[in-house]
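In the working numbering, the protein residues as written are 612 to 1085. The beta-carbon is built from N, C-alpha and C at its ideal position, and this holds for glycine as well. None of the values given here were measured: they were computed from a predicted structure.
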């Protein structure tokens, strides 16, 4: 409201009258437009249809000449239309805008109809934001712009795979009975579930009690299942036999991969995997682990195989990979700078555990003694042990004096804060993502550069070395 003073003159019966300083009141017509957004659902699954309600209110004192309601469409959603009365719809890429003219004081409501498209990651969210711009009766843009946000939680399938096998020593001819546990831990169904296991050398398939009949092709065993509802689990056993043709010492890998899509078969298949290692010892005779020469001859190629694979990938002269491993061989967390072991970190964690077991069994170490370090050429590995976990770091260069302390301190912090949880943890990596950040101090711990790197090939026997932790951990 505003006030002005005016001089008023009028004539009555030939007489002129003047009224001085007359106070007149005027009121400006100013619109004030806002928007409120609401959703018909709070939890969204693949292919679900839902609606967003747009409430537009002019809380001012005048008509808004133009009102623009703007919305950005998430790529996981599809816009299927609206029920507005009047106004114009403008589509520009992912942008959706509605233009309304001459919006008087008051409000109106309309709905936009949506549907979910792609495979949705269980537990993730979509934020839906609506904004409004308006102009007054003279075409001037209003200084205040309002917005409204609605968040939808997404539900999708989330398959976990657990593969277990006996840890006892096996001999040629023995049977291995592995247990496969597959569970849908998500809030939507999974479809086209396929399990594939690679049958490496030294193993022969015997039987399975799975409800789905296995198929065999090129050294692979496959099981096909149709649907897996939220919370549903499949558990079955598979029996293998160790090759009995000759006496040998080996570490055999059992690896299982699962692929699946959502309840409608939409989207690219998700992939999860699990693996374990079993040890096969030779029959009694000269070539047994009781002979230190044979034990060393077996252990060195295993170590060399792990480190040689890393050596081909390493580039930077600093800590490259840090793995947090439970003592049963389960990978808890992995932090990487140059992705040395990112192709299959579970296999590397199981391999470290197998090497550790070899050392203890071959050289009669007990208690908390174990493998402290390993090296191959200019590539080094250090290990630190806790009550139920151990930490493995891979780097090139020479570690500083304080580097082992950094590893021990990091491991101590993890066991103190998360040890009780990890003792009963079921192996689902999604539940340990927050622990990966705790490995950062080890990944960033500097190591000194090498003066030079060897250019001539060096025999494996000349480069491989290992050291044993000689004292009990307090």
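Check                                                                                                                                                                       : Outcome
Indicate whether residue 1039 and residue 771 have their beta-carbon atoms separated by less than 8 Å.                                                                      : yes
Tell me the DSSP bridge mates of residue 752?                                                                                                                               : 746
Would you kindly check if the distance between the Cβ of residue 1025 and the Cβ of residue 1000 is under 8 Å?                                                              : yes
Just to confirm my understanding: we take residue 821, look at its own chain, exclude 5 residues before and 5 after, and list those with CB closer than 7 Å. What are they? : 834, 847
For residue 731, which of helix, strand or coil comes out of DSSP?                                                                                                          : coil
Does DSSP put residue 1013 in a helix, in a strand, or in coil?                                                                                                             : coil
Can you give the Cα-Cα distance for residue 807 and residue 790, rounded to whole angstroms?                                                                                : 14 Å
Using alpha carbons as the reference points, say which of 1003, 1052, 798, 682 lies closest to residue 941.                                                                 : 1003
Are at least three pairs of beta-carbons, each pair with one atom in the segment 641-651 and one in the segment 747-758, less than 8 Å apart?                               : yes
Would you kindly work out how many angstroms separate the C-alpha atoms of residue 1011 and residue 732, rounded to a whole number?                                         : 42 Å
Could you pull out every residue in the same chain whose Cβ sits closer than 8 Å to the Cβ of residue 799, ignoring the five residues on either side in sequence?           : 656, 657, 731, 733, 766, 767, 768, 841, 873, 874
Give the DSSP bridge partners of residue 648, in chain order.                                                                                                               : 665
Measuring alpha carbon to alpha carbon, tell me which residue in 1044, 814, 1015, 943 is nearest residue 855.                                                               : 814
For residue 823, which residues in the same chain have their Cβ closer than 7 Å to its Cβ, ignoring the five residues on either side in sequence?                           : 834, 835, 836
Per DSSP, what kind of secondary structure is residue 850 in: helix, strand or coil?                                                                                        : strand
Taking its Cβ as the centre, do 16 or more other Cβ atoms sit within 10 Å of residue 993, making it buried, or is it exposed?                                               : buried
Determine the DSSP secondary structure at residue 609, reduced to helix, strand or coil.                                                                                    : An answer regarding residue 609 cannot be provided, because it is not within the stretch 612 to 1085 covered by the chain.
Return the first residue and the last residue of the beta strand (DSSP E) that residue 1136 is part of.                                                                     : Residue 1136 lies beyond the stretch modelled for the chain, which goes from 612 to 1085, so this question has no answer here.
Out of 678, 948, 884, which one is the CA nearest neighbour of residue 1050?                                                                                                : 948
Classify residue 642 as buried or exposed, calling it buried when 16 or more other Cβ atoms lie within 10 Å of its own Cβ.                                                  : buried
Spatial neighbours of residue 736 within its chain, please: CB distance less than 7 Å, with the 5 preceding and 5 following residues excluded, ordered by chain position.   : 762, 763, 764, 765
Measure from the alpha carbon of residue 693 to the alpha carbon of each residue in 680, 684, 721, 713, then state which is nearest.                                        : 721
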